[in-house]
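Have a look at the structure below before the remarks.
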Amino acid sequence: ERLHQHQAQSPKSHLYSVSPKTTGFHKKPRSEVRKCRKVYGMENRDQWCTQCKWKKACSRFVD
DNA sequence: GATGCCGGGTC
DNA sequence: GACCCGGCATC
Ligand SMILES: [Zn+2]
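If you count by this note's numbering, then the first sequence holds residues 136 to 198, one letter each, in order.
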């Protein structure tokens, strides 16, 4: 797991083999992860990606 | 208490 | 399809 996934953009690309859902593997401990919500905060929810707004798996920072 | 997410809900 | 929260796993 934890492959060098330098995507951080283009969720349209083939992001297979690099997702906790598709791989079945685990995710980063939220000690390191910094996705839309933690980065921008509830005060700037309009800057989050759509998936984060809906409390779904982040599509910008693919983890 | 908070992030991050699925399951479930509204329109 | 676009939009969102309750409750959970996890820290
Ligand atoms: Zn996001």
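From the three backbone atoms N, C-alpha and C, an ideal C-beta is built for every residue, glycine too.
What you are looking at is a predicted structure, and each value in this text was computed from that prediction instead of being measured.
Contact test: residue 154 Cβ vs ligand 1 heavy atom, cutoff 7 Å: no
Candidates 162, 198, 188, of which the one nearest residue 176 by Cα: 188
Reduced DSSP secondary structure (H/G/I, E/B, other) of residue 181: helix
Check: residue 189 C-beta below 7 Å from any heavy atom of ligand 1: no
Burial state of residue 170 (16 or more Cβ within 10 Å): buried
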